[in-house]
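According to numbering that gives the first Met the number 0, the sequence shown is numbered sequentially starting from 0.
Cβ coordinates follow ideal geometry from the N, Cα and C atoms, glycine included.
What follows is one structure encoded as C-alpha cells, with my remarks underneath.
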Amino acid sequence: MDVTIYLSIYKDRLNTVLFEIENCFPYFWICLLDLELIANKESDWLEPATYLDANLKEDEVSLINHDILITKEKLLTNSAKHKPFIAEYYPTALPLFTDFVTNLTQHLYEGAVIRLDIHEYIWCYKNQQDFITEMTNEVKALEYLFYTETRFLILTELIYTGTGIPTEYNEAFEDLLSYQNANTIDWEDNEITEPERSTQNTRLKTILLCSIIMLIAIILSMMIN
Numbered sequence: 000m001d002v003t004i005y006l007s008i009y010k011d012r013l014n015t016v017l018f019e020i021e022n023c024f025p026y027f028w029i030c031l032l033d034l035e036l037i038a039n040k041e042s043d044w045l046e047p048a049t050y051l052d053a054n055l056k057e058d059e060v061s062l063i064n065h066d067i068l069i070t071k072e073k074l075l076t077n078s079a080k081h082k083p084f085i086a087e088y089y090p091t092a093l094p095l096f097t098d099f100v101t102n103l104t105q106h107l108y109e110g111a112v113i114r115l116d117i118h119e120y121i122w123c124y125k126n127q128q129d130f131i132t133e134m135t136n137e138v139k140a141l142e143y144l145f146y147t148e149t150r151f152l153i154l155t156e157l158i159y160t161g162t163g164i165p166t167e168y169n170e171a172f173e174d175l176l177s178y179q180n181a182n183t184i185d186w187e188d189n190e191i192t193e194p195e196r197s198t199q200n201t202r203l204k205t206i207l208l209c210s211i212i213m214l215i216a217i218i219l220s221m222m223i224n
C-alpha cells in the first residue's frame, strides 16, 4: 500500500496542493522545519489523526491535527538557516532548493501558510514516537552540520527525495532549469555516498513496513466485518 503526503498553500479552509509524493518525506520539506516547531507538534503527533473542522462547504478542506503549518516568516528563516548546510554538503542540490523556496514564497499570499499534510506518512512507523525521533534527528543534523546523520536526501533522486512532484497547480516549476537538470540525472554518472545509500535502505524499509501495517489493518477490518 502506498501513502501520499502533500505540500499545499492553505487559508480559511481553502487548500492548493503544490507538491505531492508517495512513500517519502522530501528533504527540502524538512529544511523548512526547526526543533521548536517539532517540539510544538509532538503532542499532536502522539494522538490519532483527526479532522479539526466540521460542516465544510464544497471545495473546502479541513485541517488535520497532524498537519504542519509553516508561516512565510518560518519559511524564510529556516530555509536561510539551512541553506549553508546544503551548499556545503549537497552543492548540486542547491539550485533546486533555492528555486523550491522561491516557488513557495511566490505562492504564499496574505494570511496563507504552507501546509504539510503528513498524517498518512506517520502510519509508516511502528509508533508515532519513532517518527518524532527521526524528524528531530534530521533537523538536528541540519542545525549542527551533522552531515553523516542525513538520511532523507538522495542526490540521484532529487525530485523524489528533495522537492516532491509538482502538481497541476504548480506546473511552471517543471519548466525551471534546476528541475529539468535534477530530473535527468543519470545514476551511473553519480557516485552514491554512504549516507545516501543508508537513506535508500531506510526509505525501502519504511515503505515495506508501511505496506505490512496497512495490509494487517485491511485483514483485521475484513475479519471484523
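7 Å Cβ cutoff met for residue i and residue j
| i | j | result |
| --- | --- | --- |
| H81 | L141 | yes |
| A181 | L152 | no |
| S177 | P83 | no |
| Y50 | I63 | yes |
| F27 | T183 | no |
| I113 | F96 | no |
| E21 | D52 | no |
Other residues of its chain near residue i: CB distance less than 6 Å, five sequence neighbours each side excluded
| i | result |
| --- | --- |
| E59 | R12 |
| V16 | Y5, S7 and T166 |
| I67 | L115 |
| A48 | I63, H65 and H118 |
| E190 | Reliability of the predicted coordinates at E190 is poor, the pLDDT of 42 falling under 50, and no value is obtained from them. |
Residue i classed as buried or exposed, judged by whether at least 16 other C-beta atoms fall within 10 angstroms
| i | result |
| --- | --- |
| D174 | exposed |
| T147 | exposed |
| S42 | exposed |
| T70 | exposed |
| N116 | As written in the sequence, residue 116 is Asp, which differs from the Asn given in the question. Buried. |
| L207 | Confidence is the limiting factor: at L207 the pLDDT is only 49, short of 50, which leaves the residue's position unreliable and the question unanswerable from this model. |
| R119 | First, the amino acid is wrong: residue 119 is Glu here, not Arg. Buried, by the Cβ-count rule. |
| L32 | buried |
| L55 | exposed |
| A79 | exposed |
| K40 | buried |
| P25 | buried |
Residue closest to residue i, alpha-carbon to alpha-carbon, out of the options
| i | options | result |
| --- | --- | --- |
| P165 | N102, T135 and T97 | N102 |
| E87 | L144, F172 and T155 | L144 |
| Y168 | V138, K40 and Q105 | Q105 |
| L75 | C30, L154 and I85 | C30 |
| N14 | S78, F24, S61 and Y124 | S61 |
| K73 | P90, E57 and V100 | V100 |
| N77 | V138, E170, T155 and Y159 | V138 |
| Y89 | Y124, T155, C123 and E170 | T155 |
| A92 | Y124, T160 and E57 | T160 |
Same chain only: Cβ atoms within 7 Å of residue i, ignoring 5 sequence neighbours per side
| i | result |
| --- | --- |
| I121 | W44, H65, Q127 and F130 |
| E46 | N64 |
| Y124 | F130 |
8 Å Cβ shell around residue i - same chain, five flanking residues per side excluded
| i | result |
| --- | --- |
| N98 | The amino acid occupying residue 98 in the given sequence is Asp; Asn does not appear at that position. Taken in chain order, the residues that qualify are F172, L175, S177 and Y178. |
| E19 | T3, I4, Y5, L6, G163, I164 and T166 |
| K10 | Y108, G110, A111 and V112 |
| E170 | none |
Legend entry - Cβ contact check for the stretch 102–114 and the stretch 122–139: 3 or more pairs under 8 Å: no
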